[in-house]
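A quick write-up on the structure given underneath.
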Amino acid sequence: MNQDQLKQMVGEAARDEVLKLAAGQILGVGTGSTANCFIDALAPYKDHFAGTVSSSNATTERLLKHGFQVLDPNDVTELPAYVDGADEIDPAGHMIKGGGGALTREKIIASMARQFICICDSSKQVPVLGNFALPVEIIPLAKGVVSRELEKFGGKVTLRLAKNTRADLNQTPSEPFVTDNGGWILDVAGLKIADPIQMEAQINQIAGVITVGLFAKEKANILLVSNSSGVERLLL
Ligand code: 5RP
1037 MNQDQLKQMV GEAARDEVLK LAAGQILGVG TGSTANCFID ALAPYKDHFA
1087 GTVSSSNATT ERLLKHGFQV LDPNDVTELP AYVDGADEID PAGHMIKGGG
1137 GALTREKIIA SMARQFICIC DSSKQVPVLG NFALPVEIIP LAKGVVSREL
1187 EKFGGKVTLR LAKNTRADLN QTPSEPFVTD NGGWILDVAG LKIADPIQME
1237 AQINQIAGVI TVGLFAKEKA NILLVSNSSG VERLLL
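Quick note: to get my numbering, add 1036 to the position in the sequence shown (first position is 1).
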């Protein structure tokens, strides 16, 4: 079974999970290739929900294409659940997210939800977070000072570049990746995150940081994880 099939399988399991929620509520929807599988699987059942709240422009576009209603988070006070993927998840449900650059809106929507349902394949499960470079969204003019502060955690800091920028000129991408919020992303490689709650709080304190892609306070409550023998449901 390849990774696309594993993503599709867990997307379908997440559809079945959210269809257990009472009808007429609003659902938080994440970003990424696994979240896309979930959106596609849920599309025939969209009328079960009064609407959705989206975590990125890309997700909004996909939801609208399927005919879901997408609401402004400012018009919503509470969500029964938020469904999203992860780049890494530890046994307690702490996650690294932001590989797709949507970490800030993802964390905002997750904070509105009673339950975070994380969907991934088993390659994302790790004993300790940090193999995946930790994304940190920043205000562009703070790149220098935030990079120096992040280096003190012991990792290697790299400014994320846009993919395919100037592809027509056959050049190496050289422009910063810009988030939906106009921020830039610093990726911090080589960390061993023994205490995700503490590190999340410390990085949040650095002036110029918009969001750190450590989801420790907004951790997963339910994990649906796929492998070649099926989908496992874990309460965290
Ligand atoms: C985007 C995210 C994604 O949830 C994360 O990158 C996982 O993506 P995928 O499902 O494509 O592996 O945090 O900002």
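Backbone N, C-alpha and C define an ideal beta-carbon position, used for all residues, glycine too.
Remember, predicted model here, so these are calculated numbers, not experimental data.
Following the DSSP letters along the chain, one finds Phe1152 in no alpha helix (DSSP H) but inside the beta strand (DSSP E) bounded by residues Phe1152 to Asp1157. Between the segment 1144–1155 and the segment 1246–1261 there are three or more C-beta pairs closer than 8 angstroms, enough to call the two in contact. In the three-state reduction of the DSSP assignment, Gln1061 falls in the strand class. Under a 10 Å Cβ-count criterion, Asp1120 is classified as buried, with 16 or more other Cβ atoms of the shown protein chains found around its own Cβ.
Relative to the ligand 5RP, even the nearest heavy atom lies 7 angstroms or more away from the CB of Ala1149.
From the listed residues Leu1271, Gly1266 and Leu1177, the smallest Cα separation to Gln1039 is found for Gly1266. Beyond the five residues adjoining it in sequence on each side, Gln1105 comes within less than 6 angstroms, by CB distance, of Gly1087 in the same chain, given in chain order. Note on Ala1243: under 16 other CB atoms within 10 angstroms of its CB, so exposed under the neighbour-count rule.
Taking non-hydrogen atoms of the ligand 5RP into account, the C-beta of Ser1069 is found less than 7 angstroms away from one of them. Pro1232: member of the alpha helix (DSSP H) spanning Pro1232 to Asn1240, first to last residue. If you check the C-beta of Ala1138 against the ligand 5RP, you find a heavy atom less than 7 angstroms away. A heavy atom of the ligand 5RP is found nearer than 7 angstroms to the CB of Lys1133. Looking at the DSSP output, Asn1263 sits in a beta bridge with Gly1266.
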